[in-house]
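Notes to accompany the following structure.
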Amino acid sequence: MRAFLPRTPASAFLCSVLAALCLASGCAKSVPPPRPASPPEAAAPPAAVVPTPAPATPRGPKAAPPLAAPAAAAPSGVLFGVGLKSDLPELVYGPPGRRWLVAASGRAEILRGPLRLRPEGRRGVSFQVQAGAFSQEEPARQLVDRLAREFATPGTVAFSADRGVYRALLGSFPDRASADSFAGTLRAAGQDALPVEGSAAAAPGAAGTILVAAEDGAARRLASPVGIYSEGSDGPVLWESKPYRGSLRVLVNARGTLNVVNRVDLEEYLYGVVPAEMGPKRFDELEALKAQSVAARTYAMAHRGQFESEGYDLCATPKCQVYSGLSSEDPLSNAAVDATRGLALASGGRFADALFISTCGGRTEDVENVFGETPVPYLVSVACGELATTELPGAAVDRRAPAKDRNALEWRGYVLTKHAGRRRATRAGALETAQRWAGVPVDGAPPSTLHPSAVYPSIVSAFALAPARAAHLLPGDERYYAETPAVFGRLAGAGRDAYDFLLRFRFGAGESLPAPDRNLTEEEYAGLLLSAAMRAAGVVEGSGRFLRREGANVWVKTAEGRLGLPVDPELPLARRVGDRFLAASSLTLRSGDRLRWWKRGSDVVALWVELDAAGPSFERESSWTEWVRRVSGRELARRMAARVAGTEVRDIRIVRRSASGRAIEIRVVTDAAEATMKRFDLRQALEMPDALFTVQRVRGPQGEAEFLFLGRGWGHGVGMCQNGAYGMALAGATYDRILTHYYTGIQIVPASTLSAAPPSTR
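Residue numbers (our numbering): 10 to 771.
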C-alpha cells in the first residue's frame, strides 16, 4: 500500500449478451486453509439462492464424463484470494483452442476456449451513475448517503478490484438515455457523474448461477463460483494475456455482475508482489527485498478477508499491495521470499499492519495523523536516517586555489598533470605520460605555443591520428561544422582539419572543444592529451556505488558486481557538482554515493564522487525526494467536487501540520463554499503524491488563479520506506535491522504463531 490513487471516473463495462445456454454440471470444492479463516467459498449475497445444477438438453458434441474438481494447492497452508477484476457483465476467457479445466460443485470438465461466462439473470443491459471514486470507503459512503437524500435515488458503494477504488454508484436505469439524464441532473448541481453499465442488484433467485459456453458449442449452467485451471491443473492460468500461478475463480457479486479472483498459495502470491513493489533490477539488494517480503507477507495476513464480501482477500493494485503474477517474478526477489519463508511482523501476538510507502520525504508519519485512528506503537514517525560517513584521503590540493572549480576537460588535465608532476611538471612531461598511457611511441615535442592552430595539429601528430582523420572525417561533417556561424572560428588548413576531427571524436570530454579563437590553458592542453589516451582505451572510465572502505581498497557496486578499487594516498580526488569538478585532498563518502574513476590496467588514476541533491538520507535513490505540481483553481474544484461545492478554488490554507511537516488539516475556499479537509482525505482530494507539501497561490498566463505545490515523498507516509530500506541495505543493514528501524518495537516471528485481528481497512 504505497502509491496515490486519484479519484477518477470508471470506464464503461463490456456490453455483449449471449443467447440462453443450457446443460448442467457441478460446483466447487476446496481445502480450507488454517487460521485466520479465509473468505467464504462463494460470494453470493445472502438473499441469493444457489441453484442445484439440473440437466438440460445438450447442444453440440456429447459432453465428456465429469472429472473430480482439483484440490486447491496451498503448500504454505494459506490459500489467498486476489481480486483481479470487478463487475464484468460478461467474461470472454482464453485464446481460441486452448483447453481449460472448468470446475463447479465438486465436479470438473475440460472445455476448449474461448470460454464465455455470464451471470444468469442479466437478460438485458442496465446502467447506474457513478458519482465518484475514492481510495477509502468512508468518503464514498458519505457521498452516496448525501446524494441519495438530495436526489431521492438509492445508491451503493462498490469496490473495484482492478482500479483499487470505492465507487459511489446511484440508481438503476434500464437504458443509457435514462442514466445520461440523471447524470446531467447531478452535473448541473456541480457533481461529477458518469453513466456506467451494471446492475443495482442481482436478479432475484438467479444471482448464484453462471452460464458457461465453450468454443465447441457445449453449454453449462453452473453454480457460482466457477474455477478455471490449467488443463494439467498445475500450470499457470492467464489473465489479460499474463500468466498467474494457481487458478482463477469467477463468481457473481452482490450487484449481479462477475468478479475475477486469482486463488494462489500465499508464498507464491508473494513471488508476484515483491518484484512489483520493489523491482529487483533497481532495488538489487537482497536484504532490502527480504525486508519487503516480510512486510508484504505480514500486510497480506493482517488484511486477509478485507474484501470478503467481494469474494477475495486483497486487490492487486497499490490500494492493497501491487501484485503482477508470474510474469513479474525475478530470481533475486524469489530468493528473498524463500529466505524469509513463513516470517511475519508481530505486535501483541497478532499480525502487525505492516504499511509501507515508496518514499517518506525524510521522515515517516504517525498513523493517527494520516488515517485518524488510535495510535499504533509500531507505526510511529521515524527519521529516514543519515548514512554513516567514511573518509578517503588523496593527493594534496594547491592551497592557493582550494575552491577552484574545473570543467570536465580541465579535470582531465589536472589529473594528468598530477601524475606527470611526479617526474616533470612540464608540458613535455604531460605529453610523455599521455603517450605511455595510450601505448603509442613516446616521440615528438609539445607545441611551443598553446594557440589552437598549433595545439590541435600537434595532438593529431603525437598520437598518430592522421590516418584516422583522413578515414573518418567525412565531407558532410566538414560542411556541417562550416554552417553559419562556423564552429572552427578563424582556423584554417591543418588547424581546422584537426579541430574538426577532435570535435567529431569528442575529445572535449563531453563538451565542446576550447574556443578556437583563444589560447588554451595548460590544463586544457593536458586534458586533450588525456582524452587521446582515453580514446585509445589506454585509460578507461568506470562507475558504481560506494559500499565501504577496507584498508587500501574502496569497494564499489557496479553493474557487473562488487569491485575492489586500490586507492593510492596520492590519488587525485574531486567532488563533482553538476558539470563542475572541485579537487579535494580528501572525500567524505557514504554508502550508495555515485563514484566514478579512471583506471589504467589495475591502477586507479583518479576518483571522484557526485553530489546527490537528495542529501545523505537512506531514501536518496528515490525519484520522489522532491516534486512540483501547478494546478489551476478550476481543476482543483473539479477534483474536490465530491467534498466542496464550487467551480473554482480561491484559496487553500494549511491549518495544521504534523511533526514530520505533513499537512493534516487544510481549509479550502471556493467561489461557492468553504470546507475543512483532514488527514488522508485532504491528500486524496488534492491528488498530490504526498501530504508533505507547501502551497502558494500564483497567477496563470491569463491572470487566472493557480496553486503551486512544492512537495517531498510519495505515499501516505506510514510504515517502511521502500527507498529507505534500499539505502539501508546498501549501507550493510540486514533485513531485520531495516524492519525494526521502520516498525518501532516490532518482533519478527513465524506467522504460524500469530492470530489475526479483524481485517484492517487502511
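All C-beta atoms, glycine included, are put in the ideal place defined by N, C-alpha and C.
Predicted model only: the values in this text are computed from it and were never measured.
Classification of residue i by the beta-carbon crowding that lies within 10 angstroms, buried from 16 upward
{"i": "G35", "result": "Below a pLDDT of 50, predicted positions are generally treated as unreliable, and G35, at 35, falls in that range; the measurement from the model is reported next regardless. Result: buried."}
{"i": "H481", "result": "exposed"}
{"i": "V704", "result": "buried"}
{"i": "S631", "result": "buried"}
{"i": "T398", "result": "exposed"}
{"i": "P476", "result": "exposed"}
{"i": "Q137", "result": "buried"}
{"i": "G736", "result": "buried"}
{"i": "N562", "result": "exposed"}
{"i": "P759", "result": "exposed"}
{"i": "Y489", "result": "exposed"}
{"i": "G741", "result": "exposed"}
{"i": "P64", "result": "With a pLDDT of 39 at P64, under the threshold of 50, the modelled position of this residue cannot be trusted, and the question is left open."}
{"i": "T307", "result": "buried"}
{"i": "V283", "result": "buried"}
{"i": "R421", "result": "buried"}
{"i": "Q139", "result": "buried"}
{"i": "S250", "result": "exposed"}
{"i": "E559", "result": "exposed"}
{"i": "L220", "result": "buried"}
{"i": "L483", "result": "exposed"}
{"i": "S169", "result": "buried"}
{"i": "Q444", "result": "buried"}
{"i": "E159", "result": "exposed"}
Nearest-angstrom beta carbon gap, residue j and residue i [assumed within contact, 8 Å]
{"i": "T626", "j": "C393", "result": "Here residue 626 is Ser; the residue named in the question, Thr, does not match the sequence. Sure, about 5 Å apart at Cβ, within 8 Å."}
{"i": "S641", "j": "R359", "result": "Not confirmed; about 46 Å, so no contact."}
{"i": "P289", "j": "V259", "result": "Their Cβ separation, rounded to whole angstroms, is 32 Å, which puts P289 and V259 out of contact at 8 Å."}
{"i": "V379", "j": "V727", "result": "5 Å"}
{"i": "V273", "j": "V91", "result": "7 Å"}
{"i": "R771", "j": "L364", "result": "6 Å"}
{"i": "K566", "j": "L556", "result": "6 Å"}
{"i": "T743", "j": "E296", "result": "5 Å"}
Cross-strand partners of residue i (DSSP beta bridge)
{"i": "M649", "result": "Partner(s): none; M649 has no beta bridge."}
{"i": "L124", "result": "Y102"}
{"i": "C324", "result": "G92"}
{"i": "A142", "result": "R176"}
{"i": "P759", "result": "L352"}
{"i": "T703", "result": "L719"}
{"i": "V270", "result": "G92 and R258"}
{"i": "S626", "result": "Looking at the DSSP assignment, S626 forms no beta bridge with any residue, so it has no partner."}
{"i": "K608", "result": "V549 and V613"}
{"i": "M287", "result": "None, per the DSSP bridge assignment."}
{"i": "K251", "result": "W248"}
Contact set for residue i: own chain, Cβ-Cβ below 6 Å, skip 5 residues either direction
{"i": "A311", "result": "F360, D362 and S769"}
{"i": "E550", "result": "W607"}
{"i": "A694", "result": "M649, R652 and M686"}
{"i": "G453", "result": "A471"}
{"i": "G587", "result": "none"}
{"i": "E579", "result": "A404"}
{"i": "P41", "result": "Any reading at P41 must be qualified, since the residue scores a pLDDT of 36, below 50, and its modelled position is unreliable; the value itself is stated next. Hits under 6 Å: none found."}
{"i": "H460", "result": "N528"}
Same chain, Cβ closer than 7 Å to residue i, five either side skipped, listed in chain order
{"i": "R659", "result": "G642, V678, T679, D680 and A714"}
{"i": "T597", "result": "T398 and E400"}
{"i": "S462", "result": "L500 and G504"}
{"i": "G141", "result": "R16, A149, L152, A177, D201 and A651"}
{"i": "R662", "result": "I675 and R676"}
{"i": "A447", "result": "F472, A541, A542, A545 and G547"}
{"i": "F689", "result": "Q145, V379, F380 and H725"}
{"i": "A192", "result": "V138, A202, L203 and P204"}
Interface flag, residue i vs chain B, CB-CB below 7 Å
{"i": "G736", "result": "The displayed structure is made up of one protein chain only, and chain B is not part of it."}
Same chain, Cβ closer than 8 Å to residue i, neighbours up to 5 away in sequence not counted
{"i": "R585", "result": "L591, R605, W617, V618, E619 and L620"}
{"i": "V664", "result": "E674, I675, R676 and T685"}
{"i": "G773", "result": "No answer is possible for residue 773: the residues shown for the chain start at 10 and end at 771."}
Inter-stretch contact (C-beta, 8 Å, three-pair minimum) for the segment 110–121 and the segment 183–196: no
Would you check if the segment 535–548 and the segment 486–502 touch, i.e. whether three or more CB-CB distances between them fall below 8 Å? no
Does the segment 540–554 touch the segment 503–522, meaning 3 or more C-beta pairs lie closer than 8 Å? yes
Given 8 Å, three or more beta-carbon pairs between the segment 326–340 and the segment 278–294: Contact between the segment 326–340 and the segment 278–294 is present: 3 or more CB-CB pairs across the two stretches fall below 8 Å.
So, does the segment 719–733 touch the segment 693–704, judging by three or more C-beta pairs under 8 Å? In the pairwise beta carbon analysis, the segment 719–733 is classified as touching the segment 693–704: at least three pairs are separated by under 8 Å.
Spell out a yes or no on whether the segment 344–356 and the segment 314–327 are touching, meaning 3 or more CB-CB pairs, one atom from each, closer than 8 Å. Three or more Cβ pairs closer than 8 Å define a contact, and the segment 344–356 falls short of that threshold against the segment 314–327.
With a cut-off of 8 Å, do at least 3 Cβ pairs link the segment 367–386 to the segment 655–670? Contact between the segment 367–386 and the segment 655–670 is present, because at least three Cβ pairs lie under 8 Å.
I want to know whether the segment 114–128 touches the segment 217–237 - three or more CB-CB distances under 8 Å. yes
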